[in-house]
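See structure below.
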Amino acid sequence: MRKLLPCLTLLTMILLLGFPQVAFAQPQITQTSVVYTYGEQITFRLSLQSDQAVKKATIFFQADGDTHTNFGDAMIIPTGENLYELSYTHQIENYRLRAFSQVEYRVEVSLEDGAIYKSPPASFYYSDNRFEWQTQEEGPFIAHWYQGDMTLAQSVLDVAQAGMAKIQSLLALPAPASLDIYIYPDVNTMREVLNPSSADWVAGHADPDLGVVIVSLPSGPEQRLLTQQRIPHELMHIVLFQATGTGYTNLPVWLNEGLASLAELYTNPDYEFALENAVKADNLLPIESLCRTFPRDASNALLSYAQSASFTSYLHSTFGTSGLEKLVTTYANGLGCEQGFKTATGVELKQSERLWRRQALSENITLKAIENLAPWLVLLGAALAVPLILAVLRIRWRKGTKVESQ
Ligand SMILES: [Zn+2]
0 MRKLLPCLTL LTMILLLGFP QVAFAQPQIT QTSVVYTYGE QITFRLSLQS DQAVKKATIF
60 FQADGDTHTN FGDAMIIPTG ENLYELSYTH QIENYRLRAF SQVEYRVEVS LEDGAIYKSP
120 PASFYYSDNR FEWQTQEEGP FIAHWYQGDM TLAQSVLDVA QAGMAKIQSL LALPAPASLD
180 IYIYPDVNTM REVLNPSSAD WVAGHADPDL GVVIVSLPSG PEQRLLTQQR IPHELMHIVL
240 FQATGTGYTN LPVWLNEGLA SLAELYTNPD YEFALENAVK ADNLLPIESL CRTFPRDASN
300 ALLSYAQSAS FTSYLHSTFG TSGLEKLVTT YANGLGCEQG FKTATGVELK QSERLWRRQA
360 LSENITLKAI ENLAPWLVLL GAALAVPLIL AVLRIRWRKG TKVESQ
């Protein structure tokens with residue numbers, strides 16, 4: 000037993016020597032910085048403290064609401080004992096990030112012993128930093144602008160409050176807790192922060208999941224009216240998203256845009272002309288065709304907005320606020336365009352559309368049928384008139400003959 004003890008001690012020592020247990024401290028990110036120029040590039044810089052040499056470092060980043068994760072290998076620069084700087088520059092042309100979104104990033108580091116260190120996530124706000132934005136707040140709305148004075152921003156904030164009141168007269172929805180409104184002085188600069196696939200006529204845009212409204216309000220005599228149109232319109236999209244969450248994308252476009260158009264404090268006068276012309280020319284678009292998308296060409300897009308606003312207004316006057324709310328909830332639950340309509344209102348979409356055309360657009364079908372028959376009625380009249388006139392002339396001629404013979 001006495002001999003055995005030294006043997007065991009030796010074995011323990013050999014085992015320890017054969018499998019050295021070196022305890023490295025967990026690497027640590029000591030400093031981070033992100034520098035970017037909107038639309039051009041983003042540079043990530045992270046300071047890392049690590050007892051082990053760093054073999055590889057990869058930066059991962061993703062904008063809020065985006066499903067695509069970007070990543071890139073960082074340059075590893077030793078800056079002192081156990082200290083490294085990790086640096087990576089992303090070119091926006093390789094992948095565009097959503098403007099005014101929170102971007103989350105992290106780093107994965109491969110160490111000399113093969114271990115992988117994953118940093119906790121950090122984030123930064125990716126805004127349009129090409130301009131010096133000024134800010135004016137009147138809870139819950141925050142107006143940002145970079146051209147002109149505060150008059151426009153204050154007008155936007157006042158219209159947002161009035162727009163919210165109008166929205167609540169249509170649907171009992173709460174105001175957002177906070178909403179950033181970015182005002183651009185022209186459409187082209189605004190489009191540089193929108194999705195490149197957006198249609199040419201888009202002049203306002205809401206990113207409901209980001210809680211951001213982006214709008215162009217060019218200076219000039221129409222600025223006030225444009226503010227009254229565009230701000231409440233985009234605000235309706237935001238509150239609808241907040242009420243429906245992921246179900247928002249299932250709302251038929253005619254309902255979503257119809258409600259947003261009804262929220263406008265100043266109705267686009269072109270809507271009425273577009274409707275009148277379409278009724279006269281008999282080229283109204285079927286509501287069913289406006290369930291998933293609107294036409295991209297400006298003329299039919301205008302007609303789609305006009306029809307959606309008119310049809311949604313008709314639904315509001317027929318089924319009331321509770322009816323509209325039921326419609327929104329039913330669609331947000333995932334029901335299809337026609338099925339959802341029938342479930343929420345008890346009426347077929349087509350039937351409701353027929354009634355709307357007849358009542359709201361004064362498109363009397365009987366009258367229209369008579370109008371269509373008009374050319375034939377003229378021919379029939381002419382055909383009947385000829386023998387009638389001949390008969391009258393014959394009678395007169397006979398009478399004349401009798402008088403002469405008397
Ligand atoms: Zn809209």
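Residue numbers for the sequence shown follow numbering that gives the first Met the number 0, so the first one is 0 and each next one is one higher.
In this text, a Cβ means the ideal position worked out from N, Cα and C, and glycines have one as well.
Residue i versus the options, residue with shortest Cα-Cα distance
i, options, result
"D112", "Y145, V102, Q51, L239", "Q51"
"W253", "Y304, P220, V212", "Y304"
"R223", "A121, Y37, G162, V155", "V155"
"A259", "F123, T134, L151, L323", "L323"
"N232", "G138, L169, L354, A343", "As written in the sequence, residue 232 is His, which differs from the Asn given in the question. Closest by alpha carbon: L169."
"G79", "P268, V53, G246, T88", "V53"
"Q350", "D185, S109, F310", "F310"
"E337", "D148, Y270, R291", "R291"
"S46", "Q30, Y35, V34, G38", "Q30"
"G257", "A280, Q135, V327", "V327"
"Q135", "S49, L151, F293", "L151"
"A175", "V34, V186, G162, K341", "In the sequence under discussion, the amino acid at residue 175 is Pro, which differs from the Ala named in the question. Nearest of V34, V186, G162, K341 to P175, Cα basis: G162."
"A308", "V346, P251, K325", "P251"
"E137", "R357, Y247, I180, L96", "I180"
"P26", "S49, I41, Y35, G335", "S49"
"G345", "Q358, L314, R356, R357", "L314"
"N81", "I91, L110, E92", "L110"
"H204", "V186, G219, G333", "V186"
6 Å CB neighbourhood of residue i in its chain, flanking five on each side removed
i, result
"P207", "H236, I237, F240"
"I364", "Summary for I364: the model assigns pLDDT 46, below 50, so the residue's position carries little reliability; its value from the coordinates is reported in the next sentence. So no residue of the chain qualifies."
"M439", "Absent from the model: residue 439. The displayed extent of the chain is 0 to 405, so no value can be given."
"Y183", "M189, S215"
"A98", "D127, V192"
"L360", "V278"
"D72", "T57"
"G64", "D208"
"Y35", "I41"
"L283", "A277"
Spatial neighbours of residue i in its chain, beta-carbon cut-off 8 Å, leaving aside the 5 residues before and after
i, result
"T68", "F59, F60, Q61"
"E107", "A56, T57, F59, I115, Y116, K117, S118"
"S122", "Q101, V102, E103, Y104"
"L178", "P139, F140, I141, A159, G210, V211, V212, L234, I237"
"E271", "A305"
beta-carbon residue i near ligand 1 non-hydrogen atom, thresh 7 Å
i, result
"A259", "yes"
"E256", "yes"
"H89", "no"
"H426", "A query on residue 426 cannot be resolved here, the shown segment of the chain reaching from 0 to 405 and no further."
"H236", "yes"
Nearest-angstrom beta carbon gap, residue j and residue i [assumed within contact, 8 Å]
i, j, result
"L264", "V158", "6 Å"
"L301", "A331", "That belief does not hold up - the Cβ atoms of L301 and A331 are roughly 27 Å apart, past 8 Å."
"Q228", "N267", "6 Å"
"T317", "T329", "No, T317 and T329 are not in contact; Cβ-Cβ is about 16 Å, not under 8 Å."
"I352", "I286", "Reading the sequence as shown, one finds Glu at residue 352 and not Ile. At roughly 5 Å, the Cβ-Cβ gap stays under 8 Å, so E352 and I286 are in contact."
"A164", "T320", "About 14 Å separates the two Cβ atoms, so there is no contact after all."
Where residue i falls: helix, strand or coil (DSSP)
i, result
"N282", "coil"
"T88", "strand"
"G79", "strand"
"T68", "coil"
"R129", "coil"
"T57", "strand"
"T365", "No answer about T365 holds up, because its pLDDT of 48 lies below 50 and its placement is not dependable."
"S122", "strand"
"S218", "coil"
"T243", "helix"
"A62", "strand"
"G162", "helix"
"L301", "helix"
"D179", "strand"
"Y116", "strand"
"R357", "helix"
"L274", "helix"
"Y330", "helix"
"Q135", "strand"
"T226", "helix"
heavy atom of ligand 2 below 7 Å from residue i C-beta
i, result
"H143", "You won't find ligand 2 in this model; what it holds is ligand 1."
Beta-carbon proximity list for residue i, same chain, < 7 Å, skipping 5 on both sides
i, result
"Y145", "F130, E131, W132, Q133"
"T226", "S154, V155, V158, L216"
"M149", "Q135"
"S298", "none"
"E84", "R44, S46, I76, T78"
"Y124", "Q101"
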